[in-house]
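Residue numbers (UniProt numbering): 1 to 491.
Just so it is clear, CB atoms sit at the ideal spot from N, CA and C, and this is done for glycine as well.
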C-alpha cells in the first residue's frame, strides 16, 4: 500500500511540476528582475544546503538589489538591499507569514510558533514570552549547570565518534529540565529512554518518506491535505506524556518552578484559548506543540553552534588561550556558574557571536507576501511570492564584514559591535518575529562551552568546512573534526 501511494505521489508531483514550471518560466523576466533558472537543483540533488544556493545567487549579482529564482515551480525573490530586508522583517501586514503550509489535522505542527501566521503567532507568542523573563532565565541557568555533569560524565565514559551527537543529547536534557521541569539532573541523563527515543536516527526508508512529505508540504500543500499526510505525529504522544507526568507530579506535591509547566497548569482548566480571529486552540495541543517547537528550534541549532565554536577554537590557539583564562577566573572566584557570572564572560560571548556569524544557526529566512506590496527599492511583490532573507550570504559579505572567512571575535568587542550595520547580522532572525528563545539559547550555549572548556582543551585537526549538508535552513556538517583533551590543571 505504501509503495503504491509512493508511486502515485511521485507521478502526480512530476506531472504537476512540469505543468506549473511552463506557466512560471519567465515570471521574473516579465518584471525586469534578473532571473536565475535551475538554481535550486544543487540543493534538490543533495549537493549543498539551500542557504548556500542563496549565497551563490547573492554573490553572482553584486550590483542588484534582488534576484529572482524558483524553488521547484514557486517564484522566489532573494533580497540583497538592507532597506528591503528591514521592510520585510518589520512588516506585520504584508509579510507576516513564513509560508509554511501544514495539515491542519496534524495539531502538533499546526500550532507551532514558528509555523503560524500572524494572529495565531501573536497569541502563542504572548503565552510563551513570560517563560523567558530575566528572573526565569536566572533559575534556568542553575538547572542547565546542574545538568552539565551528565555531559562531562558521558564524554568521559563513552567513546564518542561524533561530538555533535553528544551535544544534541545534552540539549534535550537541558531544555527538558530547564524549561519543562523534567528530572534530568542525574549523571546518566544522556542515556535516558526519553532522550534516546528523540535522538535515535530514523531508518533509511523512514528518512526518505519524511523527505517526501516535506517536499509535498512545500510544493503541493493541497495534496498534503487530500492525503491527510502527517509529518511529525509520531512524536506527539511521547512529548505530551512527559509533560502531563511532570504537571501531575507538581499538582500532587504542590511544587512550583516558575517554568513552562507552571504556565501550562495555570491555563489547564480552560479547554482552549483563542486568537483575535476567534480560532480556538486546544490547551493540550498547544502545550505539546510549543514543547516540540523548543526541541526542534533548540537542539540541532545550538549543537551546531557549539560544535563550530569549538572547531574554530581548536584551530585558533591564541583565541582558545584567552577563553580558558577568562573561564578559569570565573570558576576560581565562584566555583559554579549562574546567570550573573555567565553574563560576565564577555570574551566567550564575543567568540560565540563570531561563530554564529560565520556559521549562522539558521542560514536563511523566508516570508510570503499575503497581499501585494511595494518594497523600498520600488519593486512590486505580488501576493503569494516567496521572499528570502539570505542570512548566510549577509554574514559573509565583504561589504559588511572584512575578511569574512577569518574567525575574528574582535568584531564583537564593545568598541566594534556598534559598527555592525543593522540587518547584516541575524543569528536569531530579526524584526517582529525574532526568536523568542534567543536569550535562553545564548545562556545555554555559554554554559555548555564554559563547562566543556573548564575540563578540556582542544587539539585541531586543521579541518575546514567547505560545504554543508543539504538542509532547508540549517548549516550542518557532521564531519567536523577536533579532539577534546583533558586539561592537566583545571580550576
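Residue i, DSSP secondary structure in three states
i: residue 203; result: Confidence at residue 203 is low in this model, with a pLDDT of 49, below 50, so its placement is unreliable and no value can be given for it.
i: residue 367; result: strand
i: residue 330; result: helix
i: residue 467; result: coil
i: residue 256; result: coil
i: residue 25; result: coil
i: residue 130; result: helix
i: residue 475; result: coil
i: residue 181; result: coil
i: residue 335; result: coil
i: residue 437; result: coil
i: residue 458; result: strand
i: residue 484; result: strand
i: residue 429; result: strand
i: residue 507; result: Residue 507 lies beyond the residue range present for the chain, which begins at 1 and ends at 491; the question has no answer from this structure.
i: residue 192; result: coil
i: residue 362; result: coil
Whether residue i touches residue j by CB criterion (8 Å)
i: residue 79; j: residue 391; result: no
i: residue 303; j: residue 168; result: yes
i: residue 437; j: residue 294; result: yes
i: residue 445; j: residue 320; result: no
i: residue 447; j: residue 150; result: no
i: residue 171; j: residue 478; result: no
i: residue 73; j: residue 37; result: no
i: residue 179; j: residue 451; result: no
i: residue 428; j: residue 434; result: yes
i: residue 310; j: residue 458; result: yes
i: residue 324; j: residue 449; result: no
i: residue 28; j: residue 35; result: yes
i: residue 86; j: residue 440; result: no
i: residue 314; j: residue 460; result: yes
i: residue 361; j: residue 301; result: yes
i: residue 407; j: residue 312; result: yes
i: residue 443; j: residue 342; result: yes
Spatial neighbours of residue i in its chain, beta-carbon cut-off 6 Å, leaving aside the 5 residues before and after
i: residue 377; result: 65, 81, 84
i: residue 317; result: none
i: residue 463; result: 481
i: residue 71; result: 40
Residues near residue i in its chain [Cβ-Cβ closer than 7 Å; skip 5 each side]
i: residue 49; result: 43, 363, 468, 469, 470, 471, 475
i: residue 55; result: 390, 392, 393, 396
i: residue 90; result: 431, 432
i: residue 412; result: 350, 353, 354
i: residue 46; result: 470
i: residue 487; result: 455, 456, 457
i: residue 336; result: 145
i: residue 129; result: 436
Anticipated Cβ contact below 8 Å, residue i with residue j, distance rounded
i: residue 385; j: residue 75; result: 5 Å
i: residue 131; j: residue 260; result: 5 Å
i: residue 287; j: residue 181; result: That belief does not hold up - the Cβ atoms of residue 287 and residue 181 are roughly 13 Å apart, past 8 Å.
i: residue 124; j: residue 290; result: 7 Å
i: residue 426; j: residue 456; result: Actually they do not touch by this definition, with Cβ atoms about 31 Å apart.
i: residue 308; j: residue 355; result: 5 Å
Beta-carbon proximity list for residue i, same chain, < 8 Å, skipping 5 on both sides
i: residue 338; result: 138, 141, 142, 145
i: residue 243; result: 180, 261, 264, 287, 288, 291
Inset, instruction - Give, in chain order, every unbroken run of the alpha helix (DSSP H) that is at least 4 residues long and sits entirely within the segment 32 to 110. - result: 41 to 44, 50 to 60, 82 to 90, 107 to 110
Legend entry - Length-filtered (3 minimum) beta strand (DSSP E) runs lying within the segment 366 to 424: The beta strand (DSSP E) runs of length 3 or more contained entirely in the segment 366 to 424 are, from start to end of the chain, 386 to 389.
Legend entry - Segments assigned alpha helix (DSSP H), at least 4 residues, entirely inside the segment 286 to 358: 317 to 334, 339 to 343, 346 to 358
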